[in-house]
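Novice: In UniProt numbering, the protein residues as written are 1 to 802. In this text, a Cβ means the ideal position worked out from N, Cα and C, and glycines have one as well. Quantities reported herein were computed from a predicted structural model and do not represent experimental measurements. Mind having a look at this structure? Questions to follow.
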């Protein structure tokens, strides 16, 4: 079986969810859905031996072969890592949602459909080797996450958060598409693997830096890097299972994946190293600093996600230095990035689930109303403590190991001349350490303020109690993983991390076995990470104990200068501006719409004719002008003038009929009786229809025509006339292919058994065209009839008024 089809298994299964939701009574729909991620997780585990040996697997399904676009599933160490996170964490999220989402109160059919669509989108992003299909799945993640974040659409905050996330991430997706197009121009391929193979040649291409910046815009917006992080805190309005999934293993990790996947192409550029490392560290500091300001549990975790994503991003940037340095020490940073990505998925998924449990069992997420919950929720406290301590970087939890590697990687930057301590590159390890202090602080703030201290049960909407065991299973599994990984980090490293590192840095490591990195908790007293960690714990504890004294710092920045306020102002301004623009042409008058359309069409075509030097005039094939033709032309011109300057509708309609009949006479003069007859019939019907609607047409005086309007009308009319004349003359003067008219003449009787060539063309040669034209007219007629009946029914008096 082509395993590329497995990408679409969730979305195919989603088609069955509404039926299961309606038909299967008494069973939560989540049990039905849980099968999908579990099956996929089990299947993809079978690829581990292959990628452990440095191998890969490819499966392809053609889509648009002529353009080189296909659904190509490429499984290597990096894509398999993300695939296992998507399906593994996805299984735990679905299991958690079974107990969190009330089957009686929630629209579970829609919820699981959106979730499965999102799962397909994420699998497509991390497995696509074709940049065009990668972009397709990338935007599908934005659309499906919009539906998930706005699931509780009756809430204003849910709708606002969903729209905000989609606006920012779709903008980034369009920038990324621009990068993909530039890469395809430079490399003449849409294949990521082939582009990586051409990396040295792409570096000297003129569009390389532009493609680099556009690609990072796509990655930074999706992974909530500064200044695009503002959508992530608002996304917390989604149901907790969605938040746990989006913030731990999927949506926000898509940008991380993009940077990791394209590091072999762009990593050799110093611009890439500075931007990825610098923006990552800025995001790490910004998110960790503002996390302590929050009072909503999910908001604290949302800002902590921002900071942790910045940490991973900065490590990927530091790892790219290996493309410049001869030593493999910077491969250590890439290893740390992949390691922390796994750790973050585990502890952050569990923490979000605990936040949902607290909300579910107490009725609030406001940390100011919480406290002392450890006595009534001991299991939740234990899981929250494990996750928080891992996030803070303390042993014996997996986050400690990757955090130590992060600090050592930042210090190691001094060995590379681009970040020499003689320059302001010294800021990198300093910012990393300060951000780590705030990370410790918000981790303690989350768990201690919630579970320790004074009980405030009287302020809670519900009497707090421990969650049912079913809701605790998923976070307990994740907490167990956090502990186990600390004791067996090199087992995880051998099976998962090293193959991923090799995929990110193929030029540095020929195989996973070449990644000679051994993780251990103790590096001796001389290790820089040890003393930095001690400093983090000491200063982090002081900051936590003195939070009330320094929290006023957050009030220094006025709200008007915040990024969120800037986004809101931009949206309001664009809405007002677009409303002003739309009022210019959305006048409710068909004549105005036609004016804009004709003006644009005529100007565009005339400009193209002369810019492209496409206008050609050849008078050799013109027919000689006759007396009858001249007289008829004069009549035609006078009729047109009479239509324009007529003072009444009736006179204008009669003159318009004269125009049509004059055209029919031209067909007679040029010996085209079929066309003349058709023109006479059409003109007669048109005049008759005008006369039938005559009483309903407004008087000419009510249109408010001014001299300016008349001048504009004259200019547009003349431009349309000039356009049609130029196109007609040019097309007649340069016939690049033989005219099809001769074929009609030869076959109208033998093939179509007809005598009237016009009728045969309409009925036989253009039969389907005519059929659909009739269908369109029929639909329009039905719509008009429906509106007439609706209007009549509204005018009928009610029983009360009779």
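In chain order, what residues of the same chain lie with their CB nearer than 6 Å to the CB of residue 242, ignoring the 5 residues before and after it?
Specialist: Against the chain shown, residue 242 aligns to sequence position 242. Hits under 6 Å: 148.
Novice: Just grab the DSSP bridge partners of residue 60 for me.
Specialist: If you number the chain shown from 1, residue 60 lands on position 60. By DSSP's assignment, residue 60 forms a beta bridge with 72.
Novice: If we require 4 or more residues per run, which alpha helix (DSSP H) segments fall completely within the stretch 635–697?
Specialist: Listed in chain order, the complete alpha helix (DSSP H) runs (minimum 4 residues) inside the stretch 635–697 are 649–669, 673–692.
Novice: In whole angstroms, what is the alpha-carbon distance linking residue 376 and residue 264?
Specialist: One-based indexing of the chain shown puts residue 376 at position 376. One-based indexing of the chain shown puts residue 264 at position 264. Using only the alpha carbons, I get a separation of about 51 Å.
Novice: How about residue 46 and residue 3: are their beta carbons less than 7 Å apart?
Specialist: In the chain shown, counting from the first residue as 1, residue 46 sits at position 46. In the chain shown, counting from the first residue as 1, residue 3 sits at position 3. Contact annotation: residue 46 and residue 3 have beta-carbon atoms that are not nearer than 7 Å.
Novice: Could you check the C-alpha separation between residue 327 and residue 339 for me, to the nearest Å?
Specialist: As a first step, residue 327 must be located in the chain shown, where it is residue number 327. As a first step, residue 339 must be located in the chain shown, where it is residue number 339. Low per-residue confidence applies at residue 327: pLDDT is 49, beneath 50, and the placement is therefore not dependable, though the value from the model is reported in the following sentence. The straight-line gap from Cα to Cα measures roughly 21 Å.
Novice: Is residue 270 helix, strand or coil by DSSP?
Specialist: What you label residue 270 is simply residue 270 of the chain shown in a count that begins at 1. In this structure, DSSP gives residue 270 a helical state, which the three-state scheme calls helix.
Novice: Just to confirm, are residue 318 and residue 481 a CB contact at a threshold of 7 Å?
Specialist: Taking the chain shown and counting its residues from 1, the one referred to as residue 318 is at position 318. Taking the chain shown and counting its residues from 1, the one referred to as residue 481 is at position 481. For residue 318 and residue 481, no; Cβs fall outside 7 Å.
Novice: Nearest-angstrom Cα distance between residue 20 and residue 29?
Specialist: In the chain shown, counting from the first residue as 1, residue 20 sits at position 20. In the chain shown, counting from the first residue as 1, residue 29 sits at position 29. So the two alpha carbons sit approximately 7 Å from each other.
Novice: Cα separation between residue 174 and residue 224?
Specialist: Here residue 174 corresponds to residue number 174 of the chain shown, with the count starting at 1. Here residue 224 corresponds to residue number 224 of the chain shown, with the count starting at 1. Taking the straight line from one Cα to the other gives about 16 Å.
Novice: Provide the residue span of the alpha helix (DSSP H) that contains residue 579, from first to last.
Specialist: If you number the chain shown from 1, residue 579 lands on position 579. Note, residue 579: alpha helix (DSSP H), 563–585.
Novice: Would you check if the stretch 676–687 and the stretch 561–571 touch, i.e. whether three or more CB-CB distances between them fall below 8 Å?
Specialist: no
Novice: For the alpha helix (DSSP H) that contains residue 173, what are its first and last residues?
Specialist: As a first step, residue 173 must be located in the chain shown, where it is residue number 173. Counting along the chain, the alpha helix (DSSP H) containing residue 173 begins and ends at 156–187.
Novice: On the premise that residue 301 lies in contact with residue 348, defined as a C-beta separation below 8 Å, what is that separation, rounded to the nearest angstrom?
Specialist: For this step, residue 348 is matched to residue 348 along the chain shown. For this step, residue 301 is matched to residue 301 along the chain shown. Rounded, the Cβ-Cβ distance is 7 Å, consistent with contact.
Novice: Is it right to say residue 702 is buried, meaning 16 or more other beta carbons lie within 10 angstroms of its own, or is it exposed?
Specialist: Taking the first residue of the chain shown as 1, we reach residue 702 at position 702. Because residue 702 sits at a pLDDT of 49, beneath the cut-off of 50, its placement in the model cannot be relied upon, and the point is left open.
Novice: Could you check how far apart the C-beta atoms of residue 279 and residue 220 are, in whole angstroms? I think they sit under 8 Å.
Specialist: Here residue 279 is taken as the residue at index 279 of the chain shown, counted from 1. Here residue 220 is taken as the residue at index 220 of the chain shown, counted from 1. That pair is a contact at about 6 Å.
Novice: Buried or exposed: where does residue 518 fall if 16 or more other Cβ atoms within 10 Å of its Cβ makes it buried?
Specialist: Taking the chain shown and counting its residues from 1, the one referred to as residue 518 is at position 518. Under this definition residue 518 is an exposed residue.
Novice: Would you mind giving the Cβ-Cβ distance between residue 598 and residue 720, rounded to the nearest angstrom? I have them listed as a contact below 8 Å.
Specialist: Here the question's residue 598 lines up with position 598 in the chain shown. Here the question's residue 720 lines up with position 720 in the chain shown. Contact between residue 598 and residue 720 holds: their C-beta atoms lie close to 5 Å from each other, under 8 Å.
Novice: Please determine, among 314, 134, 36, 290, the residue with the shortest C-alpha to C-alpha distance to residue 551.
Specialist: The residue you call residue 551 lines up with position 551 of the chain shown. Its Cα nearest to that of residue 551, the residue 290 stands out among 314, 134, 36, 290.
Novice: Would you mind sorting residue 388 into buried or exposed? The rule is 16 or more other CB atoms within 10 Å of its CB.
Specialist: Within the chain shown, numbered from 1, the residue matching residue 388 stands at position 388. Per the 10 Å Cβ criterion, buried.
Novice: In this structure, how does DSSP classify residue 129 when only helix, strand and coil are distinguished?
Specialist: For this step, residue 129 is matched to residue 129 along the chain shown. Here residue 129 sits in coil by DSSP.
Novice: Report whether the distance from the Cβ of residue 452 to the nearest heavy atom of the ligand SAM is below 6 Å.
Specialist: What this structure holds is no ligand at all, so the ligand SAM is not there to describe.
Novice: How far does the alpha helix (DSSP H) with residue 346 in it extend, from its first residue to its last?
Specialist: Within the chain shown, numbered from 1, the residue matching residue 346 stands at position 346. First-last of the alpha helix (DSSP H) with residue 346: 331–362.
Novice: For residue 76, count the other beta carbons within 10 Å of its own beta carbon; 16 or more makes it buried, fewer makes it exposed. Which is it?
Specialist: As a working mapping, residue 76 is identified with position 76 in the chain shown. Result: buried.
Novice: Taking 7 Å as the limit between beta carbons, can you name the residues of its chain near residue 192, skipping five residues before and five after?
Specialist: Position 192 of the chain shown, counted from the start, is the residue given in the question as residue 192. Cβ neighbours of residue 192 beyond the five flanking positions: 129, 131, 261.
Novice: Measure how close the beta-carbons of residue 477 and residue 386 come, nearest whole angstrom, since I'm counting them as under 8 Å.
Specialist: Position 477 of the chain shown, counted from the first residue, corresponds to residue 477. Position 386 of the chain shown, counted from the first residue, corresponds to residue 386. Rounded, the Cβ-Cβ distance is 12 Å, inconsistent with contact.
Novice: Look at residue 450 and residue 373 and say whether their C-beta atoms are less than 7 Å apart.
Specialist: Along the chain shown, one-based indexing puts residue 450 at 450. Along the chain shown, one-based indexing puts residue 373 at 373. For residue 450 and residue 373, yes; Cβs fall inside 7 Å.
Novice: Of all the options 308, 491, 201, 382, which has the alpha carbon lying nearest to the alpha carbon of residue 442?
Specialist: For this step, residue 442 is matched to residue 442 along the chain shown. Ranking the options by Cα distance to residue 442, first place goes to 308.
Novice: What do you get for residue 298, buried or exposed, if any count of 16 or more other CB atoms within 10 angstroms of its CB means buried?
Specialist: Locating residue 298 in the chain shown gives position 298, where the first residue counts as 1. That one is buried.
Novice: Per DSSP, residue 191 is paired with what?
Specialist: Position 191 of the chain shown, counted from the first residue, corresponds to residue 191. DSSP, once it has assigned bridges, lists 130 as partnering residue 191.
Novice: Figure out for me which residue from 479, 337, 730 has the closest Cα to the Cα of residue 353.
Specialist: Here residue 353 corresponds to residue number 353 of the chain shown, with the count starting at 1. Ranking 479, 337, 730 by Cα distance to residue 353 puts 479 first.
Novice: Could you give the residue range of the alpha helix (DSSP H) that holds residue 458?
Specialist: Mapped onto the chain shown, residue 458 falls at position 458. That residue, residue 458, is in no alpha helix (DSSP H); it is neither H nor E in DSSP.
Novice: Just the Cα atoms here: how many angstroms apart are residue 54 and residue 538?
Specialist: Here residue 54 refers to the residue found at position 54 when the chain shown is read from its first residue. Here residue 538 refers to the residue found at position 538 when the chain shown is read from its first residue. Cα-Cα distance, rounded: 43 Å.
Novice: Grouping DSSP H, G and I as helix and E and B as strand, with all else coil, what is residue 782?
Specialist: Residue 782 sits at position 782 when you count from the first residue of the chain shown. Here DSSP, grouped into helix, strand and coil, assigns residue 782 to helix.
Novice: Would you say residue 804 and residue 536 are within 7 Å of each other, going by their C-beta atoms?
Specialist: No answer is possible for residue 804: the residues shown for the chain start at 1 and end at 802.
Novice: Drop a sphere of 10 angstroms on the beta-carbon of residue 17, count the other beta-carbons inside from all chains shown, and report buried for 16 or more, exposed for fewer.
Specialist: As a first step, residue 17 must be located in the chain shown, where it is residue number 17. Buried, by the Cβ-count rule.
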